[in-house]
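In this note's numbering, the protein residues as written are 6 to 210.
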Amino acid sequence: MSPAGHKKRRTQEERRAETRARLIDATILLLHKKGAAHMTTVEVAKAAGVTRGAIQYHFSSPQDLLKATVFEVSNRLSKHMDVGKLKKLPLPDRIDRVVDQYWTGFGSNTYTAFVEMAVGNRLDRELGTAIRETLVELEEKRSAMWLDMFADSPRSDQDILVWRSTLLMALRGLSLTKMMSGADAAGDAQIDQFKEMFRLYLNSK
């Protein structure tokens, strides 16, 4: 076989990382489909295409798997914006794009999985702490990103961050409304209103 046709063998570390990622992906999928209360490790292993023993090898407990999933979900939700590209857009267009991208994140299966973990395990002290710590870290990163993205606004940093928190609270509420109603278009009219208010707010002192 020629060198070009030879398939490179994966290292043991790469295989472990792949299996771990498959288990986390399967957990996110099942959280979205079935919810935290009805998900089992047997189903996670089956969805990931591995044995149940693989879960025990990679994670010390089901809670450890959920904690790893919390971190992965948070990472995915924080990677949906390219600040460099967005900053090149005129402020009104940038605002529209940012709101749309946030709404896409809140409407994703990934966010549904996060809600399931947060609500379904709200009485679990260890997991609850992991979720809160992850959210604090994520919020710090996003606040800095937000200020950088809207540095050309005449508003103060405090004003910009207050508006950001207001927008996020509203989007979380709309996301939950959409989950419960099952309507694909739920929240669209409100999103348009947020964009209009946001444009007016960030363009004035």
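Using N, Cα and C, we set each Cβ at its ideal position, and we do this for glycine too.
The three-state reading of DSSP puts L36 in helix, counting H, G and I together. Classified as exposed, R177 has fewer than 16 neighbouring CB atoms from the shown chains inside 10 Å of its CB. Buried is the label assigned to M44, since at least 16 other Cβ atoms lie within 10 Å of its Cβ.
Between the segment 42-57 and the segment 78-92 there are fewer than three inter-stretch CB-CB distances shorter than 8 Å, so the stretches are not counted as touching.
Restricting attention to L28, A42, R102, L71, the CA atom closest to the CA of D197 is found in R102. Residue ranges of uninterrupted alpha helix (DSSP H) with 4 or more members, entirely inside the segment 119-189 and ordered along the chain, are 130-154, 162-186. V120 and D153 have their C-alpha atoms roughly 28 Å apart. Classified as exposed, L205 has fewer than 16 neighbouring CB atoms from the shown chains inside 10 Å of its CB. Counted as a single uninterrupted DSSP element, the alpha helix (DSSP H) harbouring G89 occupies residues 88-91.
T115 has its alpha-carbon roughly 19 Å from the corresponding atom of P67. C-alpha of K146 to C-alpha of S161: approximately 18 Å in a straight line.
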